[in-house]
Amino acid sequence: MLTNIQTISVGGADGGGGSGGERGSGRIEARGIGPAGTEIFSLDLPAVIAVHEGGVDPRYPSITGRMKAKKAQVVEYDAPRPRHGQSPDSARTSGGEGEFGDHPRRGARSGSRPGRCARRDRSDPAMTLVFVETDPAGEVTLTSAEAITFARSQLLPDGGAATSREVSGPPSGSTEGVVIGPLSDSAVDVLGRLGVSVIHHLEHPDLAEYSAAAWAQAIVDVAPESGTLLASGTPRGMELMAHAAVRTGARMAANVIAADDDGLLRQVHGGTAFERVRLDGDLQVLTIAGHAYTPEETSPITPEIIAYDLTVAEADLATRVQRTEVEAADDAAGLTSAKAVVGAGRGVGSENGFAEVLELVDHLGGALGVSRVVTGLGWRPHAEQVGQTGSRISPDVYIACGISGAIQHMAGIEGAKTLVAINTDAESTMVQRADYAIIGDLHEVVGAVNEEIVRRRG
Ligand SMILES: Cc1cc2nc3c(=O)[nH]c(=O)nc-3n(C[C@H](O)[C@H](O)[C@H](O)COP(=O)(O)OP(=O)(O)OC[C@H]3O[C@@H](n4cnc5c(N)ncnc54)[C@H](O)[C@@H]3O)c2cc1C
14 MLTNIQTISV GGADGGGGSG GERGSGRIEA RGIGPAGTEI FSLDLPAVIA VHEGGVDPRY
74 PSITGRMKAK KAQVVEYDAP RPRHGQSPDS ARTSGGEGEF GDHPRRGARS GSRPGRCARR
134 DRSDPAMTLV FVETDPAGEV TLTSAEAITF ARSQLLPDGG AATSREVSGP PSGSTEGVVI
194 GPLSDSAVDV LGRLGVSVIH HLEHPDLAEY SAAAWAQAIV DVAPESGTLL ASGTPRGMEL
254 MAHAAVRTGA RMAANVIAAD DDGLLRQVHG GTAFERVRLD GDLQVLTIAG HAYTPEETSP
314 ITPEIIAYDL TVAEADLATR VQRTEVEAAD DAAGLTSAKA VVGAGRGVGS ENGFAEVLEL
374 VDHLGGALGV SRVVTGLGWR PHAEQVGQTG SRISPDVYIA CGISGAIQHM AGIEGAKTLV
434 AINTDAESTM VQRADYAIIG DLHEVVGAVN EEIVRRRG
């Protein structure tokens, strides 16, 4: 199974499958977005693939296609039954078929096992384990720092009641982290300052390239049997937590923004609506919506580091990254960590209309973020897109130039501390939502701002 895929080509590297092949057989190459760039997978069919939201623009059928569809035979089915006569609940804990079902579950694991240290008590009901993502330089990502802050402030006693405690016992626990791959000194330092008491460090040649199934199983092997397992709501965090929930039989909630006595509050529909959920069971699995929290340090501690001797099941490596193309990732990483982002929308006019905004980006030492119209028209790369289907950013200042403020764009800038709009339309949503607005042609306004910056800096 793969998620977050943008394109697939039938046949793949070694040319199997193809249009003439038997349906569901052969090989495909799939390309998806990873933290370090575009990740390329090669896998056998049949495969289950989830498409990256917004990665493909909808294409409506031609009139001929619609006429044909009207003549299509309608087949009615009874409600599907669980396989092998299992109830959905028993299916959840005792395994089905394929990638997940082939793998032993809790209590009968043959996956990773503790090595250079004694296994600790993993049934502490108040323990929260956070999957910590690191960037290509080995630094803890901003969104992981946010997720750890959530774990500390929302799920521990000093921050208020937590849903999981209602079902799992009184709070008394710790926030622990799990890191897969190299662990840098600076990551250990940052995790200590964020209040992570234990780092479970998982390193193995078979985990060097990302494989959702293998990584998820490794996380499951060190996860608490009761308590909370969580990650930030990045594509990777979502995918791993979904795999982990299936493997542990735990209930899962995605895009959580708060936990209190009434349950978990989570974002749905791209952040435009909220939903309250309660998870029962000993273990709850969560992802935390990006930029719902500002990372907060606490009194620094020196985390205990636990290393493991791992064995990785061959079956879990079936969908492993073959190679990564890194170009797009550098831009995206700069965008999500920039303190100042200058946004550019259709209002720039054309692909040649970015001169003033790019100069302003330079002056501010920030990053360029664009609307989907801009990437859709091919004026700028997708890596620069901000919004529901682009990056979610939390700069100190976001200067939106010629962007109307569509709901999908606003979903990506909720974390901006100060919002400045430059727009010809005083009634546009962006102007209405901005802290400061300048009504006028962006080329003139941004040009004048650049001149003033140059003049003041001498
Ligand atoms: C499933 C889905 C996902 C989506 N995901 C995203 C996403 O992630 N990010 C995203 O941005 N959009 C996304 N969209 C698209 C979104 O709905 C809007 O279409 C898009 O954000 C509009 O881009 P825009 O503001 O640049 O263009 P427009 O809406 O056309 O606005 C252009 C603005 O520029 C102003 N303007 C024009 N000329 C000038 C000038 N010379 N000077 C100053 N101002 C000027 C106009 O007044 C207007 O306000 C998504 C849509 C869908 C359906």
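Count along the sequence shown from 1, then add 13; that gives the number in my numbering. We treat Cβ as the ideally placed atom computed from N, Cα and C, and that holds for glycine. Note that this is a predicted model, so its numbers are computed, not measured.
Item, Value
"Examine chain B for any beta-carbon lying closer than 9 Å to the beta-carbon of E372, and answer yes or no.", "Here chain B cannot be found, since the structure has a single protein chain."
"Hey, out of M265, V192 and R279, whose CA is closest to F287's CA?", "R279"
"Below 6 Å CB to CB, which residues in the same chain sit around R129 once its five sequence neighbours on both sides are set aside?", "Reliability of the predicted coordinates at R129 is poor, the pLDDT of 36 falling under 50, and no value is obtained from them."
"Do the segment 238-254 and the segment 295-311 touch if we need at least three Cβ pairs shorter than 8 Å?", "yes"
"Considering only heavy atoms of ligand 1 and the C-beta of each residue, which residues fall inside 5 Å, strictly closer?", "G67, G358, R359, G360, S384, R385, V386, G400, Q401, T402, G403, G415, I416, S417, A419, Q421, H422, N436, T437, D438, S441, D454 and L455"
"Tell me the start and end of each unbroken beta strand (DSSP E) in the segment 251-338 that is at least 3 residues and wholly inside, in chain order.", "264-273, 276-281, 286-290, 296-301, 317-322 and 334-338"
"Kindly indicate the opening and closing residues of the alpha helix (DSSP H) around A353.", "Premise fails: A353 lies in the beta strand (DSSP E), A353 to A357, not in any alpha helix (DSSP H)."
"Using the three-state DSSP reduction, which class does V87 fall into: helix, strand or coil?", "coil"
"Quick one: what's got a C-beta closer than 7 Å to V153's C-beta in the same chain, skipping five residues either side?", "V145, T147, A200, V203 and L204"
"For G190 and A226, what's the separation of their Cα atoms in angstroms?", "19 Å"
"Rounded to whole angstroms, what is the Cα-Cα separation between V192 and G379?", "29 Å"
"According to DSSP, which residues form a beta bridge with T402?", "Per DSSP, none; premise fails for T402."
"Would you report the Cα separation of H4 and R470, rounded to the nearest angstrom?", "The displayed coordinates of the chain run from 14 to 471. Any statement about residue 4 would go beyond what the structure contains."
"Can you round the beta-carbon distance between V467 and I412 to whole angstroms, since I take them to be within the 8 Å contact cut?", "With a Cβ gap of about 17 Å, V467 and I412 do not count as contacting."
"Roughly how many whole angstroms lie between the Cα atoms of V259 and T311?", "33 Å"
"Determine the direct distance from the alpha carbon of R72 to that of G78, and round the result to whole angstroms.", "12 Å"
"Run through DSSP, which three-state label would R79 get?", "helix"
"Spell out a yes or no on whether the segment 435-453 and the segment 387-402 are touching, meaning 3 or more CB-CB pairs, one atom from each, closer than 8 Å.", "no"
"Which residues does DSSP list as the beta-bridge partners of D11?", "Residue numbering for the chain in the displayed model covers 14 to 471; residue 11 lies beyond these limits and cannot be assessed."
"What residues are listed by DSSP as bridge partners for I412?", "V355 and V433"
"Report the residue from T188, P218, F54 and I452 whose alpha carbon sits nearest the alpha carbon of V325.", "P218"
"Once DSSP output is grouped into helix, strand and coil, what is the label at D148?", "coil"
"Which residues mark the beginning and the end of the beta strand (DSSP E) in which N17 is found?", "L15 to V23"
"Secondary structure at F163, three-state DSSP: helix, strand or coil?", "helix"
"Report the rounded CA-to-CA distance for R291 versus S239, giving the unit in angstroms.", "16 Å"
"At what residue ranges does the segment 357-402 contain a whole run of the alpha helix (DSSP H), taking only runs of 4 or more?", "368-377 and 385-389"
"Between the C-alpha atoms of L373 and V459, what's the straight-line distance to the nearest angstrom?", "7 Å"
"Starting from the Cα of A150, find the closest Cα among S197, S384, G45 and E317 and give me that residue.", "S197"
"Please state if the CB of H256 and the CB of A229 are separated by a distance shorter than 9 Å.", "yes"
"Determine the DSSP secondary structure at R44, reduced to helix, strand or coil.", "strand"
"Could you tell me how far apart the beta carbons of A263 and V298 are, in whole angstroms, since I believe they sit closer than 8 Å?", "5 Å"
"What first and last residue would you give for the alpha helix (DSSP H) that runs through A460?", "According to the sequence provided, residue 460 is Gly. The question's Ala does not apply to it. Counting along the chain, the alpha helix (DSSP H) containing G460 begins and ends at L455 to R470."
"Taking the C-alpha atoms as reference points, what is the distance between Q421 and V399?", "9 Å"
"At which residues does the beta strand (DSSP E) containing I452 begin and terminate?", "Y449 to I452"
"Using the DSSP secondary-structure output, state which residues sit across from D438 in a beta bridge.", "Beta-bridge pairing links D438 to no other residue."
"If distances are taken between C-alpha atoms only, which option among A429, T402, A419 and L215 comes closest to L323?", "L215"
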